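Asker:
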Amino acid sequence: VPANAMSRVYRDLVGLANQYIAKRAEKVYISIAGITVNLKELECKW
65 VPANAMSRVY
75 RDLVGLANQY
85 IAKRAEKVYI
95 SIAGITVNLK
105 ELECKW
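Residue 65 is where the sequence shown starts when you use the numbering used here, and the numbers rise one by one after that.
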């Protein structure tokens, strides 16, 4: 959790921008600990 209001606003705006772009993208990947997953191919639709 960000420590101040400005950081929280930034976090929220970046999150909204990521959602906007991901919704319109053909493919969306996340990589954690060297494992890459195509989020658009998951059965669970967010």
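Backbone N, C-alpha and C define an ideal beta-carbon position, used for all residues, glycine too.
These figures come from a predicted structure and were not determined experimentally.
1. In the DSSP assignment, the alpha helix (DSSP H) including Asn-82 goes from what residue to what residue?
2. Quick one: Cα of Glu-105 to Cα of Glu-90, how far?
3. Is the distance from the Cβ of Tyr-93 to the Cβ of Asn-82 below 7 Å?
4. Based on the DSSP output, what are the partners of Val-92 in its beta bridges?
Answerer: Reading off the structure:
1. As a position in the sequence shown, residue 82 is number 18, starting the count at 1. 69-88 is the span of the alpha helix (DSSP H), which, as asked, contains Asn-82.
2. Taking the sequence shown and counting its residues from 1, the one referred to as residue 105 is at position 41. Taking the sequence shown and counting its residues from 1, the one referred to as residue 90 is at position 26. Between the alpha carbons of Glu-105 and Glu-90 lies a gap of roughly 10 Å.
3. Along the sequence shown, read from residue 1 onward, the residue named residue 93 stands at position 29. Along the sequence shown, read from residue 1 onward, the residue named residue 82 stands at position 18. Not a contact, by the Cβ cut-off of 7 Å.
4. Against the sequence shown, residue 92 aligns to sequence position 28. Val-92 is not bridged to any residue.
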